[in-house]
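Chains as they are written, first to last, in our numbering: chain Y, 103 to 427; chain S, 103 to 427; chain B, 103 to 427; chain D, 2 to 103; chain L, 2 to 103; chain P, 2 to 103.
In this text, a Cβ means the ideal position worked out from N, Cα and C, and glycines have one as well.
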Ligand SMILES: Nc1ncnc2c1ncn2[C@@H]1O[C@H](COP(=O)(O)O)[C@@H](O)[C@H]1O
Ligand SMILES: Nc1ncnc2c1ncn2[C@@H]1O[C@H](COP(=O)(O)O)[C@@H](O)[C@H]1O
Ligand SMILES: Nc1ncnc2c1ncn2[C@@H]1O[C@H](COP(=O)(O)O)[C@@H](O)[C@H]1O
Ligand code: NA
Ligand code: NA
Ligand code: NA
């Protein structure tokens, strides 16, 4: 394992995240207005979508892209099953809560992905632009999977199921990511040149402030939290480790380059804390947000940003080297 | 008519607007926080004001500028009369509502103008910097005209008239546009160099996100709307067509260049949906916002951005060519 | 005295401040959403902190830096005593209100400092990057000093004192300024390159809009205000003049360069209107915000931005010249 | 036991643009003060609306506490424009401490 | 003297994600409208929360004014999910002008 | 018919900086929870203010529902600082479902 795993810590993006965590633990009143945070997250999604679309408009769609999309969707359906089994067994949660947590770990976190893309680029292992599309398609399947695990097949009331499916396919981040991706694809590098000072030059800076906010929120939540046992905390570390390995191996197996394999690993390792919680309040209102949000946002998210992205990146390089030997 | 009318559709700015409309029709929950939208609109007005002021500080004030200002103010007083007549007759609205709608169509939409400026530049027909001042002066006259049409001359209570006049001259967009224009004029290109990375580089990107939001809001409003009849919808298309022609001819007649004539046409064609609705709630509270907002924001605005700007641009080139022949 | 004192008025940053003041006096409804204003102030603090940290990472810590820090902290404890004496005697305020006002004038205003840094740079007298750290350490001592002056030593209830000390050391601007400073220090110019398009290119533009808002708020407050007598208004002008001289002399005496001496002068001259008011509501709720906010925000702040920064800059050059002779 | 007295609490839902009409009426009724809280969205006979601050079509809730007589004066003053201005008014009895302040 | 009539005012605290469940119940009770106001933070048995719009974990207050019978219909309709959905409901009598509108 | 019980609803207007004083008093009165809603602007004896979050001079509304005895305990606890801290308190009877929760 190379030094990559540690290098993360000198990136200003990660340092701002750490600053947020420290400020929250020191009980500082530092806070970013919700409207600003929401605005930054929309900006980040539009920017990453555009960038991916432009990249694909240049490289074109090919078999690799199709393979990556297939791998992502498959992972979205399969990972929740493993997670569910672990959470019910080792984690000792009831069916409803276990299903909700499984949905979170099967889905993805946009910010974790974006941070990983920055770090991978910084380490000279850029991931393919099509990974943005993979990410967008991975957001939703796990919501369905988690719901089926929690409720079983027959028991659902039709109306809430329809609402839920709509939420799954037209939820704001899916629409914005894929929409911006399509705009990038249509406009190409030329059309993008116009708006790139805004979407490209500002990107890392906005990511810094957004991660500052996420650090504050993640740390404050864990300080208030009472619902998470040591068993669940352990799962919130083990799942990203295991899923990261699975995703990276999967990516390498279907022929992705090192950066893209690592990015797929990060997607599998990441847990949603924006789109899925909203869907779960609607579909499984009895499930306790104190459990699933604390696990995904306050444990898994920092673990991924601070440690696991570095590990996955190193692991991707390692197995790519082995395949090449 | 050249291809210009269609070219609009590959601009990312317009594509984001379309994305907003589609997302709203798909009932996605995508939404931009109001504070962010308000902030973006302030940014756009400050930037366009500054840019216009800097341009005029270089070209200087001359007879053309005076002619453009005069044409704009005249249009602001006259266009509402034609609109009022059409709305009462063909549209079958009562006096109060007809006056309110007329005020909207006599006034202007900053965002439509800004979008047109971008598109005209993109097509190699830049408009003069002084058009920003023309726009600012065109915001208010129509409010007065519409009010007089709705209420008649004698019937007004003094207090609300005074309030209204104040609103008309010191309304936030007039103040910001003219204020930033003056700052650009005083500071000139040198003073602007300092702040141009912020106000210039970010401009198109912010416009993209703002139009995304406008697309969402415009489409949602029309989905909820019940008050707009097919007669009114027809007027919301016919008025911008007719007013666009009038403005473009007027501009060409008083000697403006192609781009500026087209910009004047767009100003005449555009209908206010920010400043005037606020003034109307105050001055004509009995008028139904469901009518005037839906017409100006949900029909005329998309029609202008998607189709009419292209038509007006082509028409301006055409009659400029005729004059030149 | 050179022309520097007047040059300030052609800077777009100052012109936007003037625009805000004029708009408020004209009773325009121009307003910047609170969330946006808050976001801009966080952005400005992060940017100035980063910039200072990067500068120090290059110049290194030395005796000058230590001297500047010492001078700043000393000023933070001593200036409130002089202010308290003046406010009780000439200003005729009771003990509680006098203590609260003294705390404001002993502390600092980040925005005044940032504006001064821009103006000094514009005049070719850049201040040292370490002045950011000096500013951050000067925020809190005066809060303690003012509180002791208002309450005396023995009388405090333990709990509110503890709350207050916490507020003093972990208040959001101290945390963000020092945190960003540390990140700049750790990352250095290389790490900063990544995020500089966002934090550097946008800086002056954001400052323009922020000062527009401050102008609006400052002018509106004075229009509503009834609590400030002519005696207090006089103090709000005299204190920044006197403190500015003290700070500049202090800076020159401990060996700072012209720009940094002037910056220290501005810090001493400036009065807090963000961090300290919040602390005072908590620690001295009986004190009247109508007095301390109007003095610091509506009189001293505009006076500093429009006039005093220019004077201090000229004065710093003058005494530096004398020392050099 | 602390002493409480009974006052009327009036809440008026109004378009943001029309708030000054409402607060001027409160001032005319010589009530000591008022407080405005934001509103996010709503549905009435005109259908659904969302807060759209850019367009100035948002609404707010104006609340004021006053003695019965002043409250009725306010209600009477504002009643004629309730319909034309699309206002919504409700009021009820509340207990307050420091009754002399209202 | 203007005429006032008595109506029930119901306020329901609900997760933003669940608001449509509440407003659909209001519509089912054939109440003429509702108004939603934002909420900033709170504390209950589950501990403290802050409004975290990015995460979709914020709450809002839904308020509606209705005649007693419709109000009770709404309360009865919504009672079964109060606990499972973490809703908080309170209601009281208010006086309104233009009683025929509610 | 669903069963409702009567509780007191207390609303306290307070400076944002002083909210913890209020919520600590609520906790001391052993009330199960509280909810904070934002406030936009207002007018009192000190004249008009606007919400100015940058300056930390904004206010919020703290609302809590409690049985009468706890409500009175809270009111008594907080009465002495009402004037010095510029708080505004009003309370009234409301009906709630699931009375055991309050
Ligand atoms: N009668 C009232 N009704 C409602 N709110 C009030 C009333 N009086 C004062 N307020 C609110 O309390 C705040 C402080 O009032 P005061 O302590 O009188 O300056 C004002 O800004 C208003 O928001
Ligand atoms: N019964 C009601 N309860 C609470 N709010 C209402 C009610 N009816 C109307 N509203 C509010 O008043 C606004 C205007 O209603 P309307 O005048 O009926 O269109 C709506 O958007 C709602 O916010
Ligand atoms: N007694 C109460 N008074 C007012 N609000 C409450 C009360 N109890 C709970 N809440 C609110 O209801 C939310 C959920 O409470 P709970 O279901 O007890 O966790 C809290 O976050 C508070 O905002
Ligand atoms: Na995952
Ligand atoms: Na027009
Ligand atoms: Na000072």
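Run the proximity test for residue 113 of chain Y: is its beta-carbon closer than 8 Å to any non-hydrogen atom belonging to ligand 4?
Within 8 Å of the C-beta of residue 113 of chain Y there is not a single heavy atom belonging to ligand 4.
Determine the direct distance from the alpha carbon of residue 209 of chain S to that of residue 54 of chain D, and round the result to whole angstroms.
C-alpha separation (whole angstroms): 19 Å.
Following the continuous alpha helix (DSSP H) through residue 190 of chain S, name the residue where it begins and the one where it ends.
Its alpha helix (DSSP H) spans residues 165-191.
Would a check of beta-carbon distances place residue 302 of chain S closer than 9 Å to chain D?
With a threshold of 9 Å between beta carbons, residue 302 of chain S makes no contact with chain D.
Residues near residue 65 of chain L by beta carbon distance below 6 Å, same chain, minus five either side
Here the set comprises 11, 27, 32, 35.
Find the residues of chain S that neighbour residue 121 of chain Y, judging by a C-beta separation of less than 7 Å, and give them in chain order.
Going along chain S, no residue has its Cβ under 7 Å from residue 121 of chain Y, so there is no contact; the nearest lies around 24 Å.
Neighbourhood of residue 284 of chain B by C-beta distance below 7 Å, restricted to the same chain and skipping five residues each side
The residues are 155.
For the pair the stretch 151-167 of chain B and the stretch 321-329 of chain B, tell me if three or more CB-CB distances fall below 8 Å.
Under the 8 Å Cβ criterion, the stretch 151-167 of chain B does not count as touching the stretch 321-329 of chain B, having fewer than three qualifying pairs.
I need the DSSP call for residue 15 of chain D, collapsed to helix, strand or coil.
DSSP places residue 15 of chain D in strand when its eight states are reduced to three.
At a CB distance below 8 Å, what residues from the stretch 128-139 of chain B approach chain S? Give them in sequence order.
Those would be 128, 129, 130, 131, 132, 133, 134, 135, 136, 137, 138, in chain order.
Three-state class that DSSP yields for residue 25 of chain P in the structure shown:
Residue 25 of chain P: helix per DSSP, three-state reduction.
Are the C-beta of residue 143 of chain S and some C-beta of chain D separated by less than 9 Å?
Taking 9 Å as the CB threshold, residue 143 of chain S lines the interface with chain D.
Would you call the stretch 308-320 of chain B in contact with the stretch 112-132 of chain B, where contact means no fewer than 3 C-beta pairs closer than 8 Å?
In short, these stretches touch, since the Cβ pair count reaches three.
Taking 9 Å as the cut-off, decide whether the C-beta atoms of residue 218 of chain Y and residue 409 of chain Y are in contact.
No, these two residues do not count as a Cβ contact at 9 Å.
DSSP bridge partner residues for residue 62 of chain D (one or two, in chain order)
Looking at the DSSP output, residue 62 of chain D bridges to D/14, D/38.
Apply the 10 Å Cβ neighbour rule to residue 161 of chain B and answer buried if 16 or more other Cβ atoms are within range, or exposed otherwise.
Burial call: exposed.
For the beta strand (DSSP E) containing residue 330 of chain B, list its first residue and its last residue.
In the DSSP annotation of this structure, residue 330 of chain B is not part of any beta strand (DSSP E), being labelled neither H nor E.
With 9 Å as the threshold, decide whether the Cβ of residue 276 of chain B is near any Cβ in chain S.
Output row for residue 276 of chain B: interface = no.
Residue 103 of chain Y, buried or exposed, once every other Cβ within 10 Å from all chains shown has been counted against 16:
In this prediction, residue 103 of chain Y has a pLDDT of 41, which is less than 50 and means its spatial position is unreliable; what the coordinates show is noted afterwards. Within 10 angstroms of the beta-carbon of residue 103 of chain Y lie fewer than 16 other beta-carbons, which makes it exposed.
For the stretch 375-390 of chain S, enumerate the residues whose C-beta is nearer than 9 Å to any C-beta of chain D, in chain order.
Residues of the stretch 375-390 of chain S with a Cβ closer than 9 Å to any Cβ of chain D, in chain order: 375, 376, 377, 379, 380, 381, 382, 383, 384, 387, 388, 390.
Find the residues of chain L that neighbour residue 93 of chain D, judging by a C-beta separation of less than 8 Å, and give them in chain order.
Close to residue 93 of chain D, with beta-carbon spacing below 8 Å, are these residues of chain L in chain order: 10, 93, 94, 95, 96.
Roughly how many angstroms lie between the CA atoms of residue 363 of chain Y and residue 342 of chain Y, to the nearest whole one?
It is roughly 15 Å from the alpha-carbon of residue 363 of chain Y to the alpha-carbon of residue 342 of chain Y.
Can we say the stretch 282-296 of chain B touches the stretch 243-251 of chain B, given the rule of at least three CB pairs closer than 8 Å?
The answer is no - the stretch 243-251 of chain B does not touch the stretch 282-296 of chain B, with fewer than three Cβ pairs under 8 Å.
Could you list the residues in the stretch 316-329 of chain B with a C-beta less than 7 Å from some C-beta on chain P, going in chain order?
Of all residues in the stretch 316-329 of chain B, only 319, 326, 328 come within less than 7 Å of chain P when Cβ atoms are compared, listed by chain position.
Would you mind sorting residue 424 of chain Y into buried or exposed? The rule is 16 or more other CB atoms within 10 Å of its CB.
That one is exposed.
Residue 320 of chain B - DSSP class collapsed to helix/strand/coil:
DSSP, reduced to helix, strand and coil, places residue 320 of chain B within a helical segment of the structure shown.
Taking 8 Å as the line, does the beta carbon of residue 65 of chain D fall inside it for any heavy atom of ligand 2?
Not under cutoff, so the answer is no.
Taking C-beta to C-beta, are residue 382 of chain S and residue 389 of chain S nearer than 9 Å?
Yes; because the gap between Cβ atoms is below 9 Å, this pair is in contact.
Enclosing alpha helix (DSSP H) for residue 144 of chain S [first to last residue]
Per DSSP, residue 144 of chain S belongs to the alpha helix (DSSP H) from 136-161.
For ligand 2, I want to know if residue 93 of chain L counts as a neighbour, meaning its beta carbon is within less than 8 Å of at least one of the ligand's heavy atoms.
The answer is no for residue 93 of chain L.
Please say whether residue 234 of chain B and residue 267 of chain B have beta carbons closer to each other than 9 Å?
Contact: no.
In this structure, does DSSP put residue 356 of chain S in helix, strand or coil?
DSSP places residue 356 of chain S in coil when its eight states are reduced to three.
Would you say residue 201 of chain B faces chain P, with C-beta separation under 9 Å as the test?
Contact with chain P is absent for residue 201 of chain B, since none of that chain's Cβ atoms lies less than 9 Å from the residue's Cβ.
Spatial neighbours of residue 417 of chain B in its chain, beta-carbon cut-off 6 Å, leaving aside the 5 residues before and after:
Same-chain partners within the cutoff: 350.
Mind checking whether residue 203 of chain S and residue 316 of chain S have CB atoms under 9 Å apart?
No, Cβ-Cβ distance for residue 203 of chain S and residue 316 of chain S is not below 9 Å.
So, using beta-carbon positions, are residue 16 of chain P and residue 58 of chain P closer together than 9 Å?
Taking 9 Å as the Cβ cut-off, residue 16 of chain P and residue 58 of chain P qualify as a contacting pair.
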